[in-house]
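Engineer: Shown below is the structure under consideration.
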Amino acid sequence: MPFDSLSRVAKGQSGLWMRGTTGLRYGGDYNPEQWPLEVWVDDIALMKDAGINLVSLGIFSWVLLEPREGEYDFAWLDKLFDMLHAAGIDIDLATPTAAPPAWFWKKYPAARPVTRDGVRLAGGSRGLVSPSSPEYRRAAANITEQLARRYAGHPALVLWHVHNEYGAPISESYDDYSVAAFRLWLQKRYGTLPALNEAWGTPFWGQCYGEWDEIDAPRLSASVTNQTQRLDFKRFSSDALLECFINERDTIRRFTPEIPVTTNFMATNCLSVDYWKWSREVDIISNDHYLVAERADNHILLAMDADLTRSLAGGSPWILMEHSTGAVNWQPRNIAKRAGELARNSLSHLARGADGILFFQFRASRYGAEKFHSAMLPHAGAGTRAWREVVELGATLGCLEPIRTSRVHARVAILWDVESFWAQDLEWRPSVELDHRERIEAFYSVLWNRSVTIDFAHPAAELGGYDLVIAPSLYLLGPASAANLATYVNGGGTLLMSYFSGIVDEQDAVYPGAAPGALRDVLGLSIHEFLPLRDHESVSLSDGRFGTGWADDIQVSTAEVVARYVDGPAAGSPAITRNTLGSGSAWYVSTRLAGAGLEALLGEVLTSVGIESTSTPGIEVVTRTSDHGDFTFVINHTDIDADYTAFGIELTTGDTISGSVLVPAGLTRVVRGVPTEA
Ligand code: GLA
């Protein structure tokens, strides 16, 4: 099973953490190179007022540090290091390699990235360089080495921030260097051309290759390009970026092996890199998260993102590297955060395992593309609500210091594999209604409203510790992952799977026989025909539920029928089934359930695995545990005060709680309970 490797399963990081403070980390990106020195002095004083103890420096400062190739100017950064250190503020130093200087682009034009439709992109912005360009890799390693040599041993340096958001805004380049590197990557993966031709199914539409150099990147073509080639190019592109990261990380480690290295992920929001694979290469997981401002449930999506981040960290503490105090500047309508939202967002990340909260950015820019982006210190200065909330949050984090290193435990996991997104999102699928992310969000939201804590897991990961594993529309499922799910169910686990799952292997080839080829025995059924529904069509089920979007014509073998279709194209066919296998069971839901239907089904499945939960919409409850106590976060996202049953000490007020804690509308309470029995 060479392609379904357990190497994509997070193993946790190196264990290195930032030296220095014993408290939670607090701060943000700091770009003082945009400001005169007197502003730096004011900024640092304000940072002290807010309790800031960590800032990220130099993220886009390559040209300021190396104004001409091989000529360096570190004077401004030296000064900043010393000023921050004197104020007791630690530094997360970036390598500036997401923004190569103008001299680089002029001298090395072949490193400019090329889009799928053949446009060669210019510099003058930031983001992707051809990741396979030897000139880029050499120049990136060089500036990284200069920084590492210079600041190794500086007491303020506690973390390295390599590059910025690998994979965004684009992750693929179709330039000549990338095409050559892609061919080598394919040779490594397949060994021989016949093996590649078989894996890509090239006899279809007459696409067989006789020489390696006939293979190109999957450029835009007249019709649909070979889909396995597309999938492999996505894998290759993620790997090429990862090589760039490792190139810089290993350079850094030669000089500062004691300082952890991170790069900022965008957990659920960057589907172009395979973070399970990446997470094994960083010392500390860090994540950037921005609300989808207009969505009323954006706090639920935030929680989902934080849960995936914690899962990528293998449960270890992580840091929120960026979020915003208010509006961003890149959404269609940039809605400002309302009073208290900044704190609720921050505490939700903390509740879900973060040990540090940072923002983009400390001081709002006056010029450039991000001048309308919020900041800790807005244009209007320190007399603002935003700044007051920043200062209050700093004080709250001080009160929450005891939670550091405590962990979140989940009994339920949702399967997450970016390869399944990649494959399912290619063209010519049975219906535009098939949407992996929509299903994940639907299941996650119901569980969030029931305060059920969720981990995310790769389908090939060890799942034995979970009472329930949910697979929402997991289209691509390799044989090893399928075998892993079978082992999990056989061993007593409960699997809940929704439609269009386990359909293809890692080559995007349909498994032989009836769908879902990877899981027929686990689910105890066969699908004879997919029956996509029309827009706005709904079907009724025998248990009173309704489905939309999709239906299957199902023949059960060993599964029991929980509900049948009453009408629609699958009338009479089973709609929801449950199969007993070994000492576990596997549920299958063949249509898109929503609202009360999904809510009731999940309630039933949770009860079957002994998880009691009730729906409390708008109230977020998560517990972090440790051997020095449990910390229950109750975050009230509603405009009505709520009571929550608790015993212990409330950390932000110091109140003793004996039976019930009042959580005022829009606020958060964190109750430290009694230590967990060993
Ligand atoms: C990303 C980037 C930052 C900044 C923010 C703005 O997260 O990493 O540099 O552009 O977006 O939201």
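In this text, residue positions in the sequence shown follow numbering that gives the first Met the number 0: the first is 0, and each later residue adds one.
Yeah, the Cβ is synthetic: ideal placement off N, Cα and C, and Gly gets one too.
Can you tell me where the alpha helix (DSSP H) holding R252 begins and where it ends?
Structural biologist: Q226 to F254
Engineer: Compute the beta-carbon to beta-carbon distance between A198 and Y189, rounded to the nearest angstrom, for a pair I have assumed lies under 8 Å.
Structural biologist: 6 Å
Engineer: Going along the chain, which unbroken runs of the alpha helix (DSSP H) with 4 or more residues stay wholly within the stretch 174-233?
Structural biologist: Within the stretch 174-233, the complete alpha helix (DSSP H) segments of 4 residues or longer fall at 175-189 and 192-199, listed in chain order.
Engineer: With C-beta atoms as the reference, is P429 less than 9 Å away from P531?
Structural biologist: P531 sits close to P429, with the two beta carbons spaced by under 9 Å.
Engineer: One question on the structure: do L399 and F630 come within less than 9 Å of each other, judged by their Cβ atoms?
Structural biologist: yes
Engineer: Would you call the CB atoms of G501 and A517 closer than 9 Å?
Structural biologist: yes
Engineer: Verify the contact flag: W102, CB atom, against every heavy atom of ligand 1, threshold strictly below 8 Å.
Structural biologist: W102: no, Cβ never under 8 Å from ligand 1.
Engineer: Locate the beta strand (DSSP E) running through H527, then write down its first and last residues.
Structural biologist: L524 to F529
Engineer: Who are the near neighbours of R403 in its chain, counting only those whose CB is closer than 8 Å to its CB and skipping five residues on each side?
Structural biologist: Cβ neighbours of R403 beyond the five flanking positions: T21, G22, L23, P316 and D354.
Engineer: State the beta-bridge partners of I469 as determined by DSSP.
Structural biologist: I413 and L495
Engineer: Using 10 angstroms around the beta-carbon of F203, count the other beta-carbons present and answer buried if the total reaches 16, otherwise exposed.
Structural biologist: Of the other Cβ atoms in all chains shown, fewer than 16 fall within 10 Å of the Cβ of F203; this residue is therefore exposed.
Engineer: So what does DSSP say about V272, is it helix, strand or coil?
Structural biologist: coil
Engineer: Kindly indicate which residue of D306, L301, Y274 and Y135 has the alpha-carbon position closest to the one of P99.
Structural biologist: Y135
Engineer: Which residue's Cα is closest to the Cα of Y107: D174, D72, K47 and N163?
Structural biologist: D174
Engineer: Spatial neighbours of G166 within its chain, please: CB distance less than 8 Å, with the 5 preceding and 5 following residues excluded, ordered by chain position.
Structural biologist: S237, L240, M265, C269, S271 and V272
Engineer: Please state if the CB of G523 and the CB of D725 are separated by a distance shorter than 9 Å.
Structural biologist: One cannot answer for residue 725 here, as it falls past the ends of the chain, which runs 0 to 677.
Engineer: Indicate whether Q625 and L357 have their beta-carbon atoms separated by less than 9 Å.
Structural biologist: This sequence places Ser at residue 625; Gln is not what is there. In this structure, S625 sits away from L357, with a CB-CB distance that is not shorter than 9 Å.
Engineer: Under three-state DSSP, which class holds Y487?
Structural biologist: helix
Engineer: Within its chain, find whatever has a CB closer than 6 Å to the CB of E426; leave out the 5 residues flanking it on each side and keep chain order.
Structural biologist: V223
Engineer: Ligand 1 and Y150: does the residue's C-beta get closer than 8 Å to at least one heavy atom of that ligand?
Structural biologist: no
Engineer: If I measure Cβ to Cβ from A394 and keep anything under 8 Å in the same chain, skipping five residues before and after, which residues do I get?
Structural biologist: G50, listed in sequence order.
Engineer: Let's see if you can read the secondary structure: which residues bound the alpha helix (DSSP H) around Y150?
Structural biologist: P133 to Y150
Engineer: Whole-angstrom Cβ separation of R343 and G665, contact assumed at under 8 Å?
Structural biologist: 7 Å
Engineer: According to the neighbour-count rule (16 or more other Cβ atoms, all chains shown, within 10 Å of its Cβ), is Q330 buried or exposed?
Structural biologist: exposed
Engineer: Could you tell me the boundaries of the beta strand (DSSP E) in which A394 lies?
Structural biologist: Note, A394: premise wrong, no beta strand (DSSP E); alpha helix (DSSP H) at R384 to C398.
Engineer: Between the C-alpha atoms of W75 and S60, what's the straight-line distance to the nearest angstrom?
Structural biologist: 11 Å
Engineer: Can you have a look at I639 and say buried or exposed, based on whether 16 or more other CB atoms are within 10 angstroms of its CB?
Structural biologist: Exposure of I639 is indicated by the presence of fewer than 16 other C-beta atoms within 10 angstroms of its C-beta.
Engineer: Between R309, N333 and E257, which lies nearest to R294 when the distance is taken from Cα to Cα?
Structural biologist: Distance from the Cα of R294 is smallest, within the candidate group R309, N333 and E257, for N333.
Engineer: Answer yes or no: the CB of W680 versus the heavy atoms of ligand 1, is any distance below 8 Å?
Structural biologist: Any answer about residue 680 is impossible in this case: the structure gives the chain only from 0 up to 677.
Engineer: For R365, which option in W34, G546, G19 and G14 has the closest C-alpha, if you only look at C-alpha atoms?
Structural biologist: W34
Engineer: Would you call the stretch 587-603 and the stretch 565-577 touching, i.e. three or more CB-CB distances under 8 Å?
Structural biologist: As far as the Cβ criterion goes, the stretch 587-603 touches the stretch 565-577, which means the pair count is three or higher.
Engineer: So, at 7 Å on beta carbons, what are the nonlocal neighbours of L346 in its own chain, with the 5 sequence-adjacent residues on each side left out?
Structural biologist: F632, I634 and T667
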